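S.K.: Pasting a structure below so you can have a look.
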Amino acid sequence: MSDPLLKVEALRIALAGNRTTYNAVEEVSFEIGRGEAFGLVGESGCGKSITALAVMGLLRPPLSLAGGRIVLDGEEIHDASAAEMRRLRGKRIAMIFQEPMTALNPLSPVGRQIAEMFVLHEGMGWSEAMDRAEEALRQVRVPSPERRIRDYPHQLSGGMRQRVMIAIALACSPELLVADEPTTALDVTVQAEIIDLMAELCAAKGTAVLMISHDLGLVANMCRRVAVMYAGRIVEAQPAEAIFKTPRHPYTRGLINSLPRLGERSRRGRQKLQEIAGTVPAIAGYPAGCRFNPRCPEATDVCRVVPPEATPLPADGLVRCHHHG
Amino acid sequence: MLVVLVRRLANIVPTLAAVIAVIFLLFSVLPGSFISAMNEDGRTSIDPAVMERMRKEMGLDDPLLERFAKYVAHTATGDLGTSFRTKEPVTKLVGTRLWPSLKLVFAAMAFAIAIGVPLGFIAALRPGSVVDTISMVGAISGLSLSQFWLGLMLMYLFALKLQWLPSFGYGDGGLRYLTLPALALGVGPMALLARTTRAAVLEVLNADFVRTARSKGMSERRVVEWHVLRNALVLVVTTIGLQFGSLMGAAVVVEKLFSWPGVGSLLVDSVFQRDIPTVQGCILLIVMFFLVINTLVDMAYVAIDPRIRYR
Amino acid sequence: MRGGLSLWVGGGLVALALLVAIFAPLIALTDPVMGANLMNAEMPPSLEFPFGTDAQGRDIYSRIVYGARISLTVGLVSQLCNSLIGVTLGLTAGYWGGLWDDLVSGLTNLMLAIPSLIFALAIMAILGPGLVSLLLALGLTSWSYSCRIARAQVLSLKSQGYIQAARILGYGDLRIMFTQVLPNILGPLIVIATLGMGGAILAEAALSFLGLGIRPPFPSWGSMLSEARDQITTAPWLSVFPGLAIFFTVLGLNLLGDGLRDILDPQSTTRRGA
């Protein structure tokens with residue numbers, strides 16, 4: 086991709102244990118174009134959330150950035166100073182988190198928490214900022230925003246809190262929005278609304294999105310390109326339709342197969358829910374060779390010994406498998 | 677707000693009533709001993725008939741329930757009985773002692789908050805640093821000190837050796853006389869507050885919403901000012917309320933040590949003199965004070981934390 | 002407050018105090034009560050009398066060593082008593098709920114409304130001075146905190162379904178309480194007990210100092226301080242050493258409690274603010 090907004094190259098994140106240091110994330114590379122929605126998918130513990138935190142510069146001990154590059158709009162930010170990162174956050178890159186209840190200050194009215202953005206980044210006074218906050222709430226489709234700005238987080242429903250988070254994140258029209266599982270904690274009926282809202286607003290503002298989720302279906306719907314992570318590595322990256330139509334990695338295939346689909350029962354009769362056997366390995370116990378090999382139906386001897394290299398695929402894709410295709 | 681305050685204060689009454697009952701019952705064992713104690717110390721030998729008359733006069737021979745009912749009725753109207761020793765109304769005796777005790781307790785608490793809370797904050801914002809270690813070692817030492825022993829040492833150093841401050845007494849009620857007792861009394865709560873504040877701030881610093889605040893691009897100072905402060909204070913306020921209780925217990929000893937004319941020293945003296953009505957009056961007053969403080973702390977809590985308001 | 006360091010230093014101090022108390026007759030120099038010799042009255046620390054002598058000419062060092070027995074006994078026994086009462090009431094209140102719970106909670110609130118030292122004072126006033134009354138006074142007035150914690154823990158276990166599950170399996174109430182509930186709440190309770198011992202020792206010192214606890218000539222650290230007070234100008238060492246003994250013992254208990262808390266109670270259910 087020429088002139089991407091965000092370029093992550095060979096990212097390595099270290100986790101300091103009691104006596105040794107582990108690599109929680111390794112060799113992670115991807116690019117996000119301006120205004121593009123990019124999805125990062127994987128099960129819990131695969132390292133997708135800490136990758137997001139690394140991009141934001143929010144890693145705290147025992148986690149730390151141990152290698153690789155992060156380039157935002159041509160500028161290297163992985164070794165930026167704390168002050169420089171602070172200038173970027175909120176203004177050029179913003180983040181929304183998974184649990185809107187705990188992610189908002191319980192003792193501060195939501196309007197004020199939105200207004201903070203305007204006071205911080207646009208030098209506004211508080212009363213003007215509160216007006217803008219009300220407007221922001223209207224944009225995220227919260228009913229009666231003029232009353233809601235004075236409400237506290239515990240007075241709002243989960244969906245509304247997430248809308249508040251979106252309002253905060255998009256307040257200063259950042260170039261990149263990092264969304265870490267924004268709908269996981271919400272009711273299913275609300276999930277779709279929130280995703281649609283995000284897609285619409287980001288499209289309108291030209292904001293690129295790094296969408297992180299364990300839900301492949303959700304991500305494929307919203308994003309143009311998708312990367313699948315497993316045990317700290319990206320195992321496959323392809324455009325969204327391609328990854329669904331022609332998944333190249335056995336893990337991706339497993340993920341797709343495990344999605345229950347409407348109409349299956351009438352078409353093929355009662356089916357067991359497909360699952361991927363085994364569980365995600367702990368950081369301290371990553372298997373040798375290809376990390377997926379213990380759970381892979383197609384594993385052979387070479388998989389147990391040699392970690393697979395990244396094989397490039399058309400349209401800036403890649404796959405890490407000895408038996409891809 | 678005022679309505680809520682009044683309502684909360686009214687809630688004290690049942691507890692207070694129960695306390696009165698307990699104290700009264702506890703001491704109903706004693707009254708007779710006052711008279712026999714007078715006989716026992718050999719200073720005055722009392723004619724048994726006189727003893728009998730004294731008992732009747734003080735109503736000590738009436739049935740328990742009757743005595744209790746009378747006591748409650750009197751207390752409700754502010755009459756705490758008559759001192760066995762001085763024959764003055766207890767209310768008057770205790771009344772003159774009220775202000776010195778309040779001064780001492782509040783001075784000690786003010787000192788504890790003024791030093792303890794900021795210290796805890798600083799320690800939490802620089803965890804593992806020299807400041808942190810020293811503060812926390814200091815804090816746990818402060819907790820382990822016997823407050824009257826500290827008072828004794830302070831008295832020795834500052835009053836007797838250096839002669840900077842008076843060694844005991846109320847004097848003109850000025851700051852010079854208040855300093856040593858307040859310091860001795862305040863060190864314990866100060867230590868506890870430092871630890872509590874530190875723990876609270878650390879806990880808040882790790883909270884999700886602080887991470888959100890950082891993700892907004894705020895300087896760390898702003899994060900603390902706008903988001904950490906209030907949330908940490910909520911936890912600290914509760915501790916302050918509880919601390920008043922142990923403070924009053926310790927105040928009894930510190931008052932006696934420094935001959936501070938407060939309710940605490942009156943309590944101790946009355947116990948030795950078997951002056952039951954005064955003892956009861958002192959305890960009652962102390963408990964009432966504590967309950968009122970707790971109510972006020974509760975109110976402060978509600979003022980800070982909106983989650984409780986809407987329950 | 003590194004967990005490890007607290008544990009070792011605290012444990013060391015407490016062990017030292019225990020050893021001193023246990024081996025008092027072996028390491029003391031003179032009889033603490035009877036070794037009065039007016040010829041030696043109020044002598045400053047020297048080789049013969051490491052901590053000096055008091056107004057009666059008794060060796061302070063020996064008195065402190067024997068005093069350890071009194072202070073530690075009082076601390077241990079009264080705290081044991083408190084813990085027993087508190088745990089029994091709290092456990093049963095949380096477990097059975099209903100009227101019993103209301104009663105216990107009401108009683109606990111009552112106890113919490115009266116500062117414990119003052120309550121102990123009142124009881125000492127009734128019972129008169131002496132070791133037994135001291136143990137009673139201290140042992141019956143500080144159980145409310147362990148009661149609260151025990152009750153809260155039981156309720157938390159209840160909400161997690163442990164107790165329900167055991168009942169379904171047919172376990173009797175008592176069995177459940179002993180085998181399911183108690184082990185789970187033991188951690189925080191040990192922490193409270195350790196810290197409570199320190200508090201009991203401080204309370205004993207205070208009461209003895211006032212003249213309401215252990216009375217002279219018995220060498221409780223607190224009564225030694227009450228004797229020392231009048232001689233503060235002429236013989237300051239009389240006040241320093243007993244106080245230091247109290248300080249280091251209580252410090253040891255506090256450090257030990259802190260260290261234990263990091264091991265036994267990582268979720269800090271006992272952090273009422275310390």
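Residue numbers (our numbering), protein chains in the order written: chain A, 86 to 410; chain B, 677 to 987; chain C, 2 to 275. Note that beta-carbon positions come from the ideal geometry of N, C-alpha and C, so glycine has one too. Just so we're clear, the structure is a prediction, and the values are computed from it rather than from any experiment.
Just how far apart, CA to CA, sit residue 792 of chain B and residue 72 of chain C?
M.R.: Position 116 of the second sequence, counted from the first residue, corresponds to residue 792 of chain B. Position 71 of the third sequence, counted from the first residue, corresponds to residue 72 of chain C. Distance between the alpha carbons of residue 792 of chain B and residue 72 of chain C: 29 Å.
S.K.: With a threshold of 7 Å on Cβ separation, who are the neighbours of residue 969 of chain B within its own chain once the five nearest residues in sequence on each side are excluded?
M.R.: Position 293 of the second sequence, counting from 1, holds the residue named residue 969 of chain B. The residues are 917 and 920.
S.K.: Tell me the rounded alpha-carbon separation between residue 96 of chain A and residue 110 of chain A.
M.R.: Translated into positions along the first sequence, residue 96 of chain A becomes position 11. Translated into positions along the first sequence, residue 110 of chain A becomes position 25. Spanning the two alpha carbons is a distance of roughly 7 Å.
S.K.: Step through the CB atoms of chain B and report whether any lies within less than 8 Å of the CB of residue 134 of chain A.
M.R.: Taking the first residue of the first sequence as 1, we reach residue 134 of chain A at position 49. No, because no Cβ of chain B sits closer than 8 Å to the Cβ of residue 134 of chain A.
S.K.: Is any beta-carbon of chain C found at less than 8 Å from that of residue 744 of chain B?
M.R.: If you number the second sequence from 1, residue 744 of chain B lands on position 68. No - not a single Cβ of chain C is within 8 Å of the one on residue 744 of chain B.
S.K.: Does DSSP put residue 324 of chain A in a helix, a strand or coil?
M.R.: As a working mapping, residue 324 of chain A is identified with position 239 in the first sequence. Note: residue 324 of chain A maps to strand in three-state DSSP.
S.K.: Starting from residue 213 of chain A and walking both ways along the alpha helix (DSSP H), at which residues does that stretch end?
M.R.: Within the first sequence, numbered from 1, the residue matching residue 213 of chain A stands at position 128. Segment 211-224, the alpha helix (DSSP H) holding residue 213 of chain A.
S.K.: Is there contact between the stretch 925-944 of chain B and the stretch 819-827 of chain B, where contact requires at least three CB pairs shorter than 8 Å?
M.R.: At 8 Å Cβ cutoff, the stretches touch.
S.K.: If the cut-off is 9 Å on Cβ atoms, which residues from the stretch 206-239 of chain A count as contacting chain B, listed in chain order?
M.R.: Within the stretch 206-239 of chain A, the residues whose Cβ lies closer than 9 Å to some Cβ of chain B are 206, 237, 238 and 239, listed in chain order.
S.K.: Under 8 Å, Cβ to Cβ, is there at least one residue of chain A near residue 885 of chain B?
M.R.: Working through the second sequence from its first residue, we reach residue 885 of chain B at position 209. Yes, residue 885 of chain B counts as interfacial toward chain A.
S.K.: Taking Cβ-Cβ distances below 8 Å as the criterion, which residues of the stretch 828-839 of chain B are in contact with chain C?
M.R.: Of all residues in the stretch 828-839 of chain B, 828, 829, 831, 832 and 836 have a Cβ within less than 8 Å of some Cβ in chain C.
S.K.: Alpha carbon to alpha carbon, how far is residue 265 of chain A from residue 239 of chain A? Give it in angstroms, no decimals.
M.R.: If you number the first sequence from 1, residue 239 of chain A lands on position 154. If you number the first sequence from 1, residue 265 of chain A lands on position 180. Rounded to the nearest angstrom, the two C-alpha atoms are 21 Å apart.
S.K.: Would you mind stating whether residue 112 of chain A and residue 389 of chain A have Cβ atoms separated by less than 8 Å?
M.R.: Position 27 of the first sequence, counted from the first residue, corresponds to residue 112 of chain A. Position 304 of the first sequence, counted from the first residue, corresponds to residue 389 of chain A. Taking 8 Å as the Cβ cut-off, residue 112 of chain A and residue 389 of chain A do not qualify as a contacting pair.
S.K.: Assuming residue 816 of chain B is part of the alpha helix (DSSP H), what are its boundary residues?
M.R.: Taking the second sequence and counting its residues from 1, one reaches residue 816 of chain B at position 140. Run containing residue 816 of chain B: 806-820, per the alpha helix (DSSP H) assignment.
S.K.: Based on the DSSP output, what are the partners of residue 150 of chain A in its beta bridges?
M.R.: Numbered from its first residue, the first sequence carries residue 150 of chain A at position 65. Partner(s): A:98.
S.K.: Sort out for me which residues DSSP pairs residue 398 of chain A with in a bridge.
M.R.: Sequence index remark: in the first sequence, residue 398 of chain A carries index 313 (1-based). Note: residue 398 of chain A sits in a beta bridge opposite A:402.
S.K.: With three or more C-beta pairs closer than 8 Å as the rule, is the stretch 197-213 of chain C touching the stretch 161-169 of chain C?
M.R.: In short, these stretches do not touch, since the Cβ pair count stays below three.
S.K.: Please classify residue 318 of chain A: does DSSP put it in a helix, a strand, or coil?
M.R.: Within the first sequence, numbered from 1, the residue matching residue 318 of chain A stands at position 233. In this structure, residue 318 of chain A counts as strand in the three-state DSSP scheme.
S.K.: May I ask you to check if the CB of residue 20 of chain C is nearer than 7 Å to at least one heavy atom of the ligand HEM?
M.R.: Ligands in the displayed structure: none, and consequently the ligand HEM is not present.
S.K.: Below 8 Å, how does it come out for the stretch 164-183 of chain A and the stretch 247-261 of chain A: are there three or more Cβ pairs, yes or no?
M.R.: Contact holds: three or more Cβ-Cβ distances are below 8 Å.
S.K.: Rounded to whole angstroms, what is the Cα-Cα separation between residue 803 of chain B and residue 131 of chain C?
M.R.: Numbered from 1 along the second sequence, position 127 holds the residue referred to as residue 803 of chain B. Numbered from 1 along the third sequence, position 130 holds the residue referred to as residue 131 of chain C. If you take the alpha carbons of residue 803 of chain B and residue 131 of chain C, they lie about 46 Å apart.
S.K.: Enumerate in chain order the residues of its own chain whose CB-to-CB distance from residue 160 of chain A is below 7 Å, with the five nearest sequence positions on each side excluded.
M.R.: Within the first sequence, the letter at position 75 stands for residue 160 of chain A. Cβ within range, chain order: n/a, list empty.
S.K.: In chain A, what lies closer than 7 Å to residue 981 of chain B by C-beta?
M.R.: Here residue 981 of chain B corresponds to residue number 305 of the second sequence, with the count starting at 1. Those within 7 Å of residue 981 of chain B in chain A are 192.
S.K.: Sort A:387, A:260 and A:299 by Cα distance to residue 287 of chain A and report the nearest one.
M.R.: Position 202 of the first sequence, counting from 1, holds the residue named residue 287 of chain A. For residue 287 of chain A, the nearest C-alpha among the options comes from A:260.
S.K.: Taking the C-alpha atoms as reference points, what is the distance between residue 902 of chain B and residue 209 of chain A?
M.R.: To locate residue 902 of chain B, count along the second sequence from 1; it is residue 226. To locate residue 209 of chain A, count along the first sequence from 1; it is residue 124. Taking the straight line joining both Cα atoms gives about 16 Å.
S.K.: I need the boundaries of the beta strand (DSSP E) containing residue 179 of chain C, first residue and last residue.
M.R.: What you label residue 179 of chain C is simply residue 178 of the third sequence in a count that begins at 1. Segment: none, residue 179 of chain C is in no beta strand (DSSP E) and carries neither H nor E.
S.K.: If residue 185 of chain C sits next to residue 144 of chain C, beta carbons under 8 Å apart, how far is it from one beta carbon to the other, in whole angstroms?
M.R.: Counting from 1 along the third sequence, the entry for residue 185 of chain C is found at position 184. Counting from 1 along the third sequence, the entry for residue 144 of chain C is found at position 143. With 8 Å as the limit, residue 185 of chain C and residue 144 of chain C do not qualify as a contact, their Cβ atoms being about 20 Å apart.
S.K.: Among B:771, B:819, B:870 and B:843, which residue has its Cα nearest to the Cα of residue 807 of chain B?
M.R.: Within the second sequence, the letter at position 131 stands for residue 807 of chain B. When each option's Cα is compared against that of residue 807 of chain B, the closest is B:870.
S.K.: Which of the three DSSP states, helix, strand or coil, is assigned to residue 961 of chain B?
M.R.: Translated into the one-based positions of the second sequence, residue 961 of chain B becomes position 285. Reduced to three states, the DSSP call for residue 961 of chain B is helix.
S.K.: Using the Cα positions of residue 372 of chain A and residue 320 of chain A, report the straight-line distance between them to the nearest angstrom.
M.R.: Counting from 1 along the first sequence, the entry for residue 372 of chain A is found at position 287. Counting from 1 along the first sequence, the entry for residue 320 of chain A is found at position 235. Roughly 15 Å separates the two Cα atoms.
S.K.: May I ask you to report which of helix, strand or coil DSSP gives residue 108 of chain A?
M.R.: Along the first sequence, read from residue 1 onward, the residue named residue 108 of chain A stands at position 23. Strand.
S.K.: Just list the residues that DSSP pairs residue 298 of chain A with in beta bridges.
M.R.: Your numbering for residue 298 of chain A matches position 213 in the first sequence. Looking at the DSSP assignment, residue 298 of chain A forms a beta bridge with A:126.
S.K.: Report the three-state DSSP secondary structure of residue 251 of chain A (helix, strand or coil).
M.R.: Indexing the first sequence from 1 puts residue 251 of chain A at position 166. In this structure, residue 251 of chain A counts as helix in the three-state DSSP scheme.
S.K.: Could you name the residues of the same chain whose beta carbon sits closer than 6 Å to that of residue 200 of chain A, not counting the 5 residues immediately before and after it, in chain order?
M.R.: Along the first sequence, read from residue 1 onward, the residue named residue 200 of chain A stands at position 115. For residue 200 of chain A, where only same-chain residues beyond five positions count, the Cβ hits under 6 Å are 214, 215 and 218.
S.K.: Go to residue 178 of chain A, then tell me how far its beta strand (DSSP E) extends in each direction, as first and last residue.
M.R.: Position 93 of the first sequence holds residue 178 of chain A. Taken as a continuous stretch (DSSP letters only), the beta strand (DSSP E) holding residue 178 of chain A covers 178-181.
S.K.: Give the residues from the stretch 190-207 of chain C that approach chain B closer than 7 Å (Cβ to any Cβ), ordered along the chain.
M.R.: Hits within the stretch, in order: 199, 203, 206 and 207.
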